[in-house]
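For the sequence shown, numbering that gives the first Met the number 0 gives the first residue as 0, with consecutive numbering after it.
Positions of the beta carbon are idealized from the N, C-alpha and C atoms, including for glycine.
Only a predicted model underlies this, so the values are computations on that prediction, with no experimental measurement involved.
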Amino acid sequence: MADGIVYLVLERLEEEVNLVVGLKIELCSLSSKLSTIKNVLDDAERRSYREKTVQNWLKKLEDVSYEIDDMLDELNFAALKLKIEGSDDVDLPRMKVCPSIPSSCLCFNNRLDIAQKIMGLNEMLYIIVEEKDRFNFIVNHPVVLVRQESVRVRSTSLVDVSEIHGREADKETLVRKLMHQVVGQKLQAGPQVISIVGVGGIGKTTLAQLVYNDDSMVTCFEVRIWVCVSDVSYEVRIAKDVIEAVTGRRTSHLNNLTVLQNHLKDSVSGKKILLVLDNVWMKDIRKWRPLKASFNSCSPGSKILVTTRSERVARRMGASEIQQLGRLSNKHCWLLMKRVAFFGRSKEECQRLQETSKRIANKCNGLPLAAKLLGSLLRFKNTEEEWDSILDSNIWQLEVAEAELFPHLLLSYNDMSPPIKRCFSYCAILPRGLEIDVEKLIRKWLALGYLNSSGSTSDMEFRGMEYFNYLRTHSFFQDFVEKGSKVYCKMHDVVHDFTQFLKNTKGQNAYGRVGARICSLPKSRLQFNERKLGILIHLRYLDMSFTELLAEVPQSVCKLYYLQTLYLSDCTLKEIPREIGKLVHLRHLDLSWNLSIKELPETIYNLRDLRTLNLAHCRSLSTLPEGIEQLINLRHLPNDWTDSLCKVPQGLKQLTGLQTLREFYAGRGWSKMGYMKKLDQLSGSLWLRISLHDREDVDEAWNAELRNKIQLQKLAISFIDAMGRTKEEELVRNEALEALQPPPNLRELTISGYKGTKIPVWISSCLNHLRVLQIQECKYTSTMPCLGKLPELEELSVEKMRGLKFVGSEFLGIARDTDGSMGSLGMMISFPKLKKLSFSSCLSWEEWEDITAEEEGSGTMLIMPCLKKLEISRCWLTKLPHRLLHKASLLEHLIVEDSFHLSKQYENGSPGWRSLSHIPHVSVS
């Protein structure tokens, strides 16, 4: 993947050549040679799959390009040091400082050092240019770096590529096998094992999903569990998934396999289950054996469905039925391909391209994934010539032993711009079957410098999103799911194999060659070989997460001069050495889930190009050293559940580019709210914990200017209040919450521990995008605010409002005339999108004002038209507002728990119970 680093270095050289005084000629010479080489890279990349000599030439070019990149980092670090600390060294190259400057740990004593380094690089490039001429490469056309419009990741695909063609008979056959009761099964131990076998990309997983979600499976089996067999500890995953599916209880506290086996056996005893084990390999069989006996207690008729590429694996898993999945016909491949390729085209254009498309579909070899890949590629080709070039490509003659699909993937890969190729190649280090956090993936690209270093961080992250969307729409990622505000996806295992083929690693994730730049060692149980790790002097990325034996950072790691990304998450680290400050290239440092770290060394602030410092769940971390303002490029400081870190350095207020800060403690003895005044780039979620003492805290709350943090999506405000009940103190409380007005785009808001008597007007008038609202432990607030006019609110939870006595019509936002009748204001909708409403532990709440008969019959008034679930627990309410409940026409679930008066009035069989007959599901206990 030499083209990716060549294009990146060229961009940097073009920026720096006019910024450095005294080295312009030398840098121009480097730029000129690389430009000459760039023009033949497309042909060189294509030939490298066949010609070893070309492959070696590209490797030399890649190594030299990285050395140039490192040299530019050294230049920029010297300039950054000059800017921050000042220097009397007149021999330093004079240059302007870019907005985001990669760093290095060399400090030049004179210009001769850097000039000699550039001279040596020019000589190496000269030799590579000479060698280039011997290959007679074809000069390529200019490359368009981004070929695709920006699409939000969480949006669905423009075309439904999951539609199944030609698998109807396979589905019927498999359903029959799963429904069939094997004669004598009562005598055999455990569920029957059935296996789908076929080559990669044939559609095994798709068929299994199709059957798994079939209505007959839902009816036939008490419990269905799907497990993608990809995790290193997948036997633990299977046990946990089954226990949670059967019992509904969390298993996060269970990690011992023996304990899990016992729980698993008890959970499935007497139950008819369907367990799908997707993508099983030979190495997985050993891990399955300890679990197999736990399923012997299942009810007869239980089934285990296994998908695998190997019939041998199926037999070893104990499969009594094997369904070999055949290839699709050319016609079905064409139907699948054309749905993607022809999307958005006119009828005339489709007719013109139809014959060519059928000939291309014939090259799919009956593989659905190939049809999907080719369709995604053709969708962005607008001329007949482009379609013909794909049909006539010599890639179809390429013989690759690893997979039939590689030619199809190579066509799409060669069509990528060099920066996108580079981002895609990174995915080679991801474990097979990993559920990929899209946001984290893009941040890793950013930390590695794959998104270019010019421009703001937000610009680079936007560029990363564009690159990801290109890969998504070209079918390199699949299985998208949303979990809260996060988006996750997966990579097909054949695509993962392809990344291994490109990187020529074959899944090797340990110590590589001396010139290696990425090393991934997560979950390693081995003692590290200091010498082997230390020789990887060019390493840029090192992942040592989840390493149980790693109690201290190896000294060899602190000598990895060019390291840019370091993952030390969930180890057993007790302290971070001062030597970490030597890694001044670092852009991403992850120390999360190290529960024993108490402090960080002050040398951490030498890492001036650091973009991400992840401290989440460092529960013992109690202080950060002064000087945090020196981290001028810091954008992300995840500090979730750092309970002991109640005070941050004052310099935090200078980090105006900070985008992620999960928790902030404010008040006497803690940090000042005013530190947040200029942090207007904060996004995602923020939890404020505020200790109220006096009016100074109110002034600080105003200084924070929360309403200007318009990129925040989720905000929690928790008060820790030790004040008394005087009028002055009451005023302080009310004004403090008034001052904390959130930004208008907020999606979720939680207010807890508030002891004031008034909830500010902004809660109902300034949050038009709010979807979730939680009000907790506001014990002196006696009435509910006007919330019915919040246009997007979907979920409202009221908990432990001990002072709440009465909920009136103002809660709904209903305007009434002085005589109590409705005003003539036209159509009125109260809580237009509310789906779930709950009240709990409101021990003084006695009355919920019902709507009038006129309002109930009015055709111009809608009340909670989308409400589906109402929960009331541990409340003193005497009766329900029946007219209001009739008005909520979609109400499906009413749950009343531990509420004395309501439980008595609406017990089963009573007149009160019958008055709720229009609600499908009522539970009173």
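Residue i - containing alpha helix (DSSP H), residue span
{"i": "ARG285", "result": "281-291"}
{"i": "LEU377", "result": "367-377"}
{"i": "LYS330", "result": "329-340"}
{"i": "ALA446", "result": "437-446"}
{"i": "ASN702", "result": "694-703"}
{"i": "TYR425", "result": "417-425"}
{"i": "ALA43", "result": "40-47"}
{"i": "TRP386", "result": "383-390"}
{"i": "TYR674", "result": "First-last for TYR674: undefined, no H or E at that position."}
{"i": "SER751", "result": "From DSSP, SER751 is part of no alpha helix (DSSP H) but of the beta strand (DSSP E) over 747-751."}
C-alpha distance - residue i paired with residue j, whole-angstrom precision
{"i": "LEU273", "j": "TYR211", "result": "8 Å"}
{"i": "PHE718", "j": "ARG688", "result": "6 Å"}
{"i": "ARG421", "j": "LEU691", "result": "51 Å"}
{"i": "ALA318", "j": "LYS834", "result": "46 Å"}
{"i": "ALA114", "j": "LEU748", "result": "57 Å"}
{"i": "ILE828", "j": "MET863", "result": "8 Å"}
{"i": "ILE4", "j": "TYR561", "result": "15 Å"}
{"i": "GLU310", "j": "ARG442", "result": "40 Å"}
{"i": "HIS491", "j": "ARG586", "result": "30 Å"}
{"i": "MET722", "j": "ASP698", "result": "17 Å"}
{"i": "MET94", "j": "ARG471", "result": "Residue confidence for MET94 is low, a pLDDT of 42 falling below 50, so the modelled location carries little weight; the figure read from the coordinates is stated next. Near 40 Å, if we compare the C-alpha coordinates of ARG471 and MET94."}
{"i": "VAL944", "j": "ALA1", "result": "What the structure shows of the chain is the stretch from 0 to 924, and residue 944 is not part of that stretch, so it cannot be assessed."}
{"i": "ILE575", "j": "LEU620", "result": "11 Å"}
{"i": "TRP501", "j": "SER424", "result": "The displayed chain sequence assigns Leu, not Trp, to residue 501. C-alpha separation (whole angstroms): 7 Å."}
{"i": "THR756", "j": "LYS726", "result": "11 Å"}
{"i": "MET464", "j": "VAL437", "result": "9 Å"}
{"i": "SER293", "j": "SER839", "result": "40 Å"}
{"i": "LYS32", "j": "THR355", "result": "40 Å"}
{"i": "SER796", "j": "ASP387", "result": "60 Å"}
{"i": "VAL231", "j": "ASP569", "result": "With a pLDDT of only 49 at VAL231, under the threshold of 50, the placement of this residue in the model should not be trusted; the figure read from the coordinates follows. Going from the Cα of VAL231 to the Cα of ASP569 covers about 16 Å."}
{"i": "LEU74", "j": "ILE435", "result": "35 Å"}
{"i": "LEU206", "j": "PRO299", "result": "24 Å"}
{"i": "ASN413", "j": "ASP41", "result": "8 Å"}
Secondary structure of residue i, DSSP reduced to three states
{"i": "PHE718", "result": "strand"}
{"i": "ALA1", "result": "helix"}
{"i": "ILE303", "result": "strand"}
{"i": "TRP844", "result": "coil"}
{"i": "PHE136", "result": "coil"}
{"i": "ALA168", "result": "helix"}
{"i": "ILE862", "result": "strand"}
{"i": "ALA615", "result": "coil"}
{"i": "GLU798", "result": "strand"}
{"i": "SER933", "result": "Outside the modelled stretch of the chain, which goes from 0 to 924, sits residue 933, for which no answer is possible."}
{"i": "MET316", "result": "coil"}
{"i": "HIS587", "result": "strand"}
{"i": "ALA665", "result": "strand"}
{"i": "TYR65", "result": "helix"}
{"i": "TYR604", "result": "helix"}
{"i": "LYS713", "result": "strand"}
{"i": "CYS518", "result": "strand"}
{"i": "LEU273", "result": "strand"}
{"i": "PHE838", "result": "strand"}
{"i": "PRO141", "result": "The pLDDT assigned to PRO141 is 49, lower than 50, so where the model puts this residue is not dependable, and the model offers no usable value."}
{"i": "VAL8", "result": "helix"}
Whole-angstrom C-beta distance between residue j and residue i, which should lie under 8 Å
{"i": "VAL279", "j": "VAL305", "result": "5 Å"}
{"i": "SER544", "j": "ILE428", "result": "That belief does not hold up - the Cβ atoms of SER544 and ILE428 are roughly 12 Å apart, past 8 Å."}
{"i": "GLU896", "j": "SER914", "result": "Going by Cβ atoms, the distance from GLU896 to SER914 rounds to 19 Å, so no, they are not a contact pair."}
{"i": "ALA615", "j": "ASP639", "result": "4 Å"}
{"i": "LYS302", "j": "PRO190", "result": "5 Å"}
{"i": "HIS892", "j": "THR877", "result": "The Cβ separation is near 22 Å, so there is no contact."}
Range covered by the beta strand (DSSP E) that runs through residue i
{"i": "ARG688", "result": "683-691"}
{"i": "ILE774", "result": "771-775"}
Task: Any alpha helix (DSSP H) of 4 or more consecutive residues that is wholly inside the segment 177-249 - done: 203-211, 214-219 and 233-246
TODO: Enumerate, from N- to C-terminal direction, the unbroken alpha helix (DSSP H) stretches of 4 or more residues contained entirely within the segment 877-903.
DONE: 881-886
Open item on the list: Please give me, in chain order, every unbroken run of the alpha helix (DSSP H) with length at least 4 that falls completely inside the segment 476-507.
Closed with: 492-502
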